[in-house]
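Down below is the structure, laid out as structure tokens.
Protein chains in written order, with my numbering: chain A, -10 to 100; chain B, 2 to 111.
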């Protein structure tokens, strides 16, 4: 059974600080996706990483896929209160197959 | 921006009753999915649907569950005899190059 361990589960920081969220597995994934989920809403796709070692940037967010395609990280630079929310990682075994989700990281950024 | 639309947004049903959750995926997407999220827990895969048939299903998706694409646009999830533990947010998703999730249906079984 494929599992994705996401850490930390909760993160509370001050505006302007940097943070990193980790997603780890013993399994290889064809892609790793990062989502943000607001209360009462569905996950919204932020980015998909496909190639081992790939780095993608989305404004202040930097996503990295491990060389072996078993792990990924999300780094936020200079966090803002608007970054507050639930961040989920999800791995895809093969294209079109089920996503395996991590438990999520609840981020709280206070001003 | 194209959306995946789910109805109803909330459904309360009595234990043992049948419920049908509806979804309209994005029109040019090829794969359709149902996921669920029990309160406080991770998002879990239920079933995927491709080319008018189930392509993959999880252990959760037992004989009480079924999916249908009755016409060219709707994609439904039916739970035949609901149990208390079926209470959850149910998300429909569709993909072409990337996943798009709907806003979910909150199902409460009482």
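We put the beta carbon where it would ideally sit given N, CA and C, even for glycine.
Between the alpha carbons of residue i and residue j, how many angstroms are there, rounded?
i: residue 18 of chain A; j: residue 75 of chain B; result: 30 Å
i: residue 67 of chain B; j: residue 68 of chain A; result: 43 Å
i: residue 58 of chain B; j: residue 82 of chain A; result: 14 Å
i: residue 0 of chain A; j: residue 71 of chain B; result: 44 Å
i: residue 105 of chain A; j: residue 87 of chain B; result: Examination of residue 105 of chain A is not possible in this model, given that chain A is present from -10 through 100 alone.
i: residue 40 of chain B; j: residue 57 of chain A; result: 33 Å
i: residue 21 of chain A; j: residue 60 of chain B; result: 23 Å
i: residue 16 of chain B; j: residue 85 of chain B; result: 6 Å
i: residue 87 of chain A; j: residue 46 of chain B; result: 6 Å
i: residue 108 of chain B; j: residue 46 of chain A; result: 36 Å
i: residue 95 of chain A; j: residue 28 of chain A; result: 11 Å
i: residue 19 of chain B; j: residue 16 of chain A; result: 37 Å
i: residue 93 of chain A; j: residue 42 of chain B; result: 9 Å
i: residue 65 of chain B; j: residue 48 of chain B; result: 13 Å
i: residue 10 of chain B; j: residue 22 of chain B; result: 9 Å
i: residue 92 of chain B; j: residue 102 of chain B; result: 7 Å
i: residue 59 of chain A; j: residue 63 of chain B; result: 30 Å
Find the nearest neighbour of residue i within the set the options, judged by alpha-carbon distance.
i: residue 11 of chain A; options: A:83, A:47 and A:51; result: A:51
i: residue 34 of chain A; options: B:40, B:9 and B:4; result: B:4
i: residue 24 of chain B; options: B:85, B:109, B:56 and B:50; result: B:50
i: residue 89 of chain A; options: A:95, A:80, A:43 and A:96; result: A:80
i: residue 54 of chain B; options: B:41, B:42, B:6 and B:32; result: B:32
i: residue 44 of chain B; options: A:13, A:98 and A:76; result: A:76
i: residue 97 of chain A; options: A:72, A:44, A:37 and A:87; result: A:72
i: residue 37 of chain A; options: A:61, A:30 and A:5; result: A:61
i: residue 99 of chain A; options: A:91, A:9 and A:70; result: A:70
i: residue -3 of chain A; options: A:13, A:4 and A:3; result: A:13
i: residue 35 of chain B; options: B:73, B:6 and B:14; result: B:6
i: residue 2 of chain B; options: B:73, B:52, B:26 and B:79; result: B:26
Would you please state the rounded distance, in angstroms, between the beta carbons of residue i and residue j? I believe it to be under 8 Å.
i: residue -8 of chain A; j: residue 23 of chain A; result: Actually they do not touch by this definition, with Cβ atoms about 17 Å apart.
i: residue 96 of chain B; j: residue 30 of chain B; result: 6 Å
i: residue 74 of chain A; j: residue -5 of chain A; result: Not really, about 14 Å apart at Cβ, beyond 8 Å.
i: residue 66 of chain A; j: residue 54 of chain A; result: Not really, about 18 Å apart at Cβ, beyond 8 Å.
i: residue 77 of chain B; j: residue 110 of chain B; result: So it is not a contact: roughly 18 Å between Cβ atoms.
i: residue 37 of chain B; j: residue 89 of chain B; result: 4 Å
i: residue 31 of chain A; j: residue 104 of chain B; result: 5 Å
Residue i versus chain A: which residues are under 7 Å apart at the beta carbon?
i: residue 57 of chain B; result: 86 and 87
i: residue 25 of chain B; result: In chain order: nothing, as chain A lies at least about 14 Å away.
i: residue 76 of chain B; result: Those within 7 Å of residue 76 of chain B in chain A number zero; the least Cβ separation is about 15 Å.
Using the three-state DSSP reduction, which class does residue i fall into: helix, strand or coil?
i: residue 60 of chain A; result: strand
i: residue 57 of chain B; result: strand
i: residue 71 of chain A; result: helix
i: residue 6 of chain A; result: coil
i: residue 88 of chain A; result: strand
i: residue 85 of chain B; result: helix
i: residue 27 of chain A; result: coil
i: residue 83 of chain A; result: coil
i: residue 90 of chain B; result: strand
i: residue 19 of chain A; result: coil
i: residue 69 of chain B; result: strand
i: residue 66 of chain A; result: coil
Starting from residue i, find everything on chain B with Cβ-Cβ shorter than 8 Å and list it in chain order.
i: residue 91 of chain A; result: 43
Determine the chain A residues that contact residue i at a beta-carbon separation under 9 Å, and present them in chain order.
i: residue 104 of chain B; result: 29, 30 and 31
Give the residues of chain B in contact with residue i, contact being defined as C-beta atoms less than 7 Å apart.
i: residue 37 of chain A; result: 99
Which residues in chain A sit within 8 Å of residue i, going by Cβ to Cβ distance?
i: residue 92 of chain B; result: 31 and 32
Since residue i meets chain B, which of its residues come closer than 9 Å, beta carbon to beta carbon?
i: residue 77 of chain A; result: 43 and 44
i: residue 22 of chain A; result: 99 and 100
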